[in-house]
Amino acid sequence: MPMFVDTSPPGECIFCKLVAGTLPCAQVYEDELTLAFMDLGQVNPGHVLVASKRHAVTLLELTAEEAGAVMQTAQRMAHAIQSAFDPEGITVLQANGAAAEQTVRHFHLHVVPRYQNDGITLGWPRKEPGPAALHDYAERLRKVL
């Protein structure tokens with residue numbers, strides 16, 4: 010991901026300013042809980058960001074209603090991108106925290122039109138811990154659910 014980093018305090022971040030209308034953007038869609046707008050750092054034409062209107066840093070801070078609304082808006086944007094730009098694929102990406110390369114500390118999804126050889130890489134080292142470890146991981150998650 011590009012390394013623009015917004016260091017503004019919570020509630021004063023760049024996306025809060027977009028939601029408040031104090032900073033301009035190329036808005037695509039807005040509803041009660043979400044705002045969709047063009048990413049300034051377009052990877053490919055049609056690259057849209059979908060942000061929660063309420064300031065929440067990560068997915069963990071969203072309400073269930075907000076999480077559902079953001080995903081519904083992302084799906085709506087994906088349909089619009091498909092119709093307007095006819096990409097070969099669409100990537101939906103969301104990062105939580107600095108280790109995940111989150112650069113604006115306000116929850117948002119990237120909805121990115123994709124084409125063969127467009128320069129985007131989303132690879133990671135594949136680790137195969139084996140069935141016993143996978144069952145252990147699943148059990149640890151079930152216990153906290």
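First residue of the sequence shown: 10, per our numbering; consecutive thereafter. Every residue gets a Cβ at the ideal spot worked out from N, C-alpha and C, and that includes glycine.
Check                                                                                          : Outcome
Of the listed residues Asp48, Pro18, Thr16 and Arg63, nearest to Ala29 (C-alpha basis)         : Arg63
Cβ pair count under 8 Å reaching 3, the stretch 142-154 against the stretch 113-123            : no
Distance, Leu58 Cα to Ala45 Cα                                                                 : 6 Å
Opposing strand residues paired with Val57 [DSSP bridges]                                      : Met47 and Val120
Cβ-based neighbour list, Met10, same chain, cut-off 6 Å, excluding 5 preceding and 5 following : A caution first: Met10 carries a pLDDT of 47, below 50, which makes its placement in the model unreliable, though a value can still be read off. The answer, listed in chain order, is Glu110.
CB of Gly98 within 8 Å of CB of Arg123, strictly                                               : yes
Through-space distance from Met47 to Gly55, alpha-carbon basis                                 : 7 Å
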